[in-house]
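One structure below.
Number of protein chains: 2
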Amino acid sequence: MTQRPITMKDVARAAGVSVMTVSRAFKTDSSVSPDTRDHIRKVAEDLGYVLDSTAANLRSQRSDFVAVTIPSLNNANFADTVSAMSDVLGKAGMQILLGHTNYDIHEEERLIAQFLQRRPAAMVVTGGRHTDRTRKLLSNAGIPVVETWDLPPDPIGHVVGFSNARAMDPLVAHLQATGRQRIAFIGGDADGDTRGTDRRMGFIRAMEARGLDPTRLIRAGQVPISMKEGAAAMARLLADLPDTDAVICVSDLSAFGALSECARRGVDVPGDIAIAGFGAYEIAGIAHPTITTMNPHPRRIGTRTADLLLMTMNGDAQGETLRFEIAPEFVPGGSTG
Amino acid sequence: MTQRPITMKDVARAAGVSVMTVSRAFKTDSSVSPDTRDHIRKVAEDLGYVLDSTAANLRSQRSDFVAVTIPSLNNANFADTVSAMSDVLGKAGMQILLGHTNYDIHEEERLIAQFLQRRPAAMVVTGGRHTDRTRKLLSNAGIPVVETWDLPPDPIGHVVGFSNARAMDPLVAHLQATGRQRIAFIGGDADGDTRGTDRRMGFIRAMEARGLDPTRLIRAGQVPISMKEGAAAMARLLADLPDTDAVICVSDLSAFGALSECARRGVDVPGDIAIAGFGAYEIAGIAHPTITTMNPHPRRIGTRTADLLLMTMNGDAQGETLRFEIAPEFVPGGSTG
DNA sequence: GCTTGACCCGTTAACGTTACCAGAAGATAA
DNA sequence: TTATCTTCTGGTAACGTTAACGGGTCAAGC
């Protein structure tokens, strides 16, 4: 039984007022007498009327969408960032349009092109490396753009993030300070995960700066690398470079895999080898031993981004492009003794 | 420099054709000569034109949105389901509008009311317990509705899920078969997580059916319970009911927390106590020992749901309400020896 | 030649809402 | 009393696109 959908016109007729008054009854800031508003709301509820925000957006030429792209849905760090953004933006009546790129900047381009058709009020992307067309699309969109989880040298718009490269420094410093010299790095194969690539670069630079050998690099598989791949990489590391005395993993997940592999083989952590990760995932704090890591404060990134957007959309800071650095925090754990 | 946004009219003028022809040039299935289409596409690209799907949706009275609500973004199981749905629906040109309810059916109601204003082509919700208003909203929306991750007794529309209660049966059976008698259950406090509540109920029923004592129930904190809360609950269990010889945790995350706590205290798993979880999270397969669990096949749920929606939206199976049971699979691990 | 049909393109109106302007009714001030 | 302001409500047009239909052109068939 498909019946004609109910519109404002129906509500107006039933309530004995004009459509315009019905429209006003559904906006919080417009002037309708309290009685009329209540009456209209009640009539609407009885009729089962639901406002059509598609039409509203078209007419008013503004939308309550903020489009967001992240590399993967299945990642606690990105999920935290989005969740925090959603909390702040939701209170302001905005909605998040979320998409995942599978760590592929061409998929990101496709997704962003699709999102822009929705005429979002703002666009948030993860990372600072994009296709040329993506950059062009975002620049021409005429809306606030925020790049997160990175500190790109040539930003498109606003930035809320940190240097993935420099984030390796405290870890290398800590390992050296605790007497380790032969430090390895476990990361993903491809360059799809630019944050992972940046961390590897940062590792190399930090090692060189300290006069240490930066060539113990293990490729663990397709990004994002899993716990299992971390374990396999650790197995290879122990076989190929048995004198290694510490390893930094591109994420806590692979670090935990590496830790498990050591447990399985009876390799003592941190006695025989120290292990560090990145991301401050819950597993890092509960593993046995706990895993030394860096906390990039994902929720803080999300909150900052949302606040920034609300500011610029209110007309403050118009035209400026803002840049917030959220410094990752060193979190010592038992895995580096 | 805010300039007037570019519309089809601008493209039409620049390409020397009518707006209608431009519109057709952007739809794959409509009849425009290849030359004209290429020309228009090129002109549009040069002008930086981006189609406004808000207007398109309004005019055509259909949308390419599928709205989806899940309890939490930060959950690998739900993320997998959404990701699989997104893969299938994306290929059909549809987009997912995702929201999280924080395990609160009133928040779910708010979210669904908001989503329905977008006139989605379909609506997917997680779980089978909702507020009365939610049920009414979904019933009256005139679009396909799917409830997932559950097998509700009184479904609103289609169903793709499984019985969380019955899913406890294989675990209890396995534990009993391996000689355990004094089996405990660790779950969340509140009833917000209806799937968790169902599992506890299912545990009690399975225990009773086997003549075992179903009263060893530990409340571990606010849902969703974390690894840490799982660990704390295990500590309480060991203190309060030291003769317990097995424990089923509401999820693998809490199970891993429990396992860690045992490791910390030198309690042998599975020698002193067996541990089982639920969800087949990656951690279950890599923990040491691996954790016995149930795999609810989250991606399969997502794929099935998406396929079902594409079917009904193509006009097949109109009017029927379909019900797919995706049976969880028992995954033995080392933690139950 | 004329008819028929396929293919391509244009004109008009409409989707459901809100911006904008205006006007009526009542309150307040002179 | 009249003038002025405030509060509430209504009429009209427009947002950018596509559905529906109509018309023109050209090739094939008679």
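Just so you know, the protein sequences line up as chains P and A, in that order. Residue numbering for the first sequence follows the working numbering, beginning at 133 and increasing consecutively. Residue numbering for the second sequence follows the working numbering, beginning at 133 and increasing consecutively. Using N, Cα and C, we set each Cβ at its ideal position, and we do this for glycine too.
Checklist entry - My guess is that PRO356(P) and TYR235(P) are in contact by the Cβ rule of under 8 Å, so how many angstroms apart are they, rounded? => result The pair is a contact, with the Cβ atoms about 7 Å apart (cut-off 8 Å).
Checklist entry - From the DSSP output, which residues share a beta bridge with VAL278(A)? => result VAL256(A) and HIS290(A)
Next on the checklist: Going by C-alpha to C-alpha distance, which of ARG298(P), ARG314(P) and PRO402(P) sits closest to THR376(P)?
Outcome noted: ARG314(P)
Checklist entry - Cα-Cα, which of GLY411(A), PRO421(A) and ILE418(A) is closest to PRO428(A)? => result GLY411(A)
Item to check | Three-way DSSP call (helix, strand, coil) for SER383(P) in this model | outcome: coil
Item to check | GLY403(A) in three-state terms, based on DSSP | outcome: coil
Item to check | Near-chain P residues of the region 357-368 of chain A (beta-carbon distance less than 9 Å), N- to C-terminal order | outcome: SER358, MET359, LYS360, GLY362 and ALA363
Checklist entry - For ALA208(A), which residues in chain P fall below 7 Å Cβ to Cβ? => result ASN206
Next on the checklist: Would ILE415(P) and ASP384(P) qualify as a contact pair, given that the criterion is a beta-carbon distance under 7 Å?
Outcome noted: yes
Checklist entry - Residue range of the alpha helix (DSSP H) that MET426(A) falls in? => result No alpha helix (DSSP H) contains MET426(A), which is instead part of the beta strand (DSSP E) from 425-427.
Next on the checklist: Could you check whether the Cβ of MET133(A) sits closer than 7 Å to any Cβ belonging to chain P?
Outcome noted: Because the pLDDT of MET133(A) is 41, which lies under 50, any placement of that residue in the model is unreliable, and the number read from its coordinates should be weighed accordingly. Not one chain P Cβ lies under 7 Å of MET133(A).
Next on the checklist: Taking the straight line between their C-alpha atoms, what separation do you get for ILE407(P) and ILE336(P)?
Outcome noted: 17 Å
Item to check | Nearest to HIS238(P) (by Cα), restricted to the options THR266(P), GLN354(P), TYR413(P) and THR435(P) | outcome: THR266(P)
Item to check | N-terminal and C-terminal residue of the beta strand (DSSP E) that ARG231(P) is part of | outcome: The question names Arg, but residue 231(P) is Gly in the sequence shown. Run containing GLY231(P): 227-232, per the beta strand (DSSP E) assignment.
Checklist entry - In its own chain, which residues sit with a C-beta less than 6 Å from the C-beta of MET133(A), not counting the 5 before and 5 after it? => result The pLDDT assigned to MET133(A) is 41, lower than 50, so where the model puts this residue is not dependable, and the model offers no usable value.
Next on the checklist: Helix, strand or coil, according to DSSP, for GLY362(A) in the structure here?
Outcome noted: helix
Next on the checklist: Any beta carbon of chain P sitting closer than 7 Å to that of ARG251(A)?
Outcome noted: For ARG251(A), a Cβ of chain P is located within less than 7 Å of the residue's own Cβ.
Item to check | Nearest-angstrom Cα separation, counted from ILE418(A) out to MET339(A) | outcome: 29 Å
Checklist entry - Excluding sequence positions up to five away, which residues of its chain have a Cβ less than 7 Å from the Cβ of PRO284(P)? => result GLY260 and VAL291
Checklist entry - Does the beta carbon of VAL399(P) come closer than 7 Å to any beta carbon on chain A? => result no
Checklist entry - Can you tell me whether DSSP reads MET133(A) as helix, strand or coil? => result Residue confidence for MET133(A) is low, a pLDDT of 41 falling below 50, so the modelled location carries little weight; the figure read from the coordinates is stated next. Correct three-state label for MET133(A): coil.
Checklist entry - What's the C-alpha gap between GLY320(A) and GLN354(A)? => result 6 Å
Item to check | Residues in the region 181-192 of chain A having any Cβ partner in chain P nearer than 7 Å | outcome: VAL182, LEU183, ASP184, SER185, THR186, ALA187, ASN189 and LEU190
Next on the checklist: Can you check which of these residues, LEU205(A), ASP196(A) and ARG242(A), is closest to LEU221(A) by C-alpha distance?
Outcome noted: ASP196(A)
Checklist entry - Going straight from the alpha carbon of SER150(P) to that of SER271(A), what length do you get? => result 28 Å
Checklist entry - If the cut is a Cβ gap below 8 Å, which residues of chain P does ALA387(A) touch? => result Chain P residues near ALA387(A): none, gap ~12 Å exceeds 8 Å.
Checklist entry - What is the DSSP secondary structure of PHE158(P), counted as helix, strand or coil? => result Correct three-state label for PHE158(P): coil.
Item to check | Residues that ASP325(P) contacts on chain A, provided the C-beta gap is smaller than 9 Å | outcome: Ordered by position in chain A, no residue passes the 9 Å Cβ test against ASP325(P), which lies about 17 Å from the chain.
Item to check | Rounded straight-line distance, which links the Cα of PRO464(P) to that of CYS394(P) | outcome: Annotation: CYS394(P) to PRO464(P) spans about 19 Å, alpha carbon to alpha carbon.
Checklist entry - From which residue to which residue does the beta strand (DSSP E) around GLY319(A) run? => result 315-319
Checklist entry - Hey, how far is the Cα of ALA367(P) from the Cα of GLY409(P)? => result 17 Å
Checklist entry - Does any residue of chain A bring its CB to less than 7 Å from the CB of GLU239(P)? => result no
Next on the checklist: Let me confirm a value: ASN206(P) is counted as buried when at least 16 other C-beta atoms fall within 10 Å, else exposed. Which label applies?
Outcome noted: buried
Checklist entry - Which residues in the same chain have their Cβ closer than 7 Å to the Cβ of GLU361(P), if we skip the five residues on either side of it in sequence? => result ALA352, GLY353, SER386 and GLY389
Checklist entry - Going along chain A in order, which residues have a C-beta closer than 8 Å to the C-beta of HIS420(P)? => result SER392, ALA395 and ARG396
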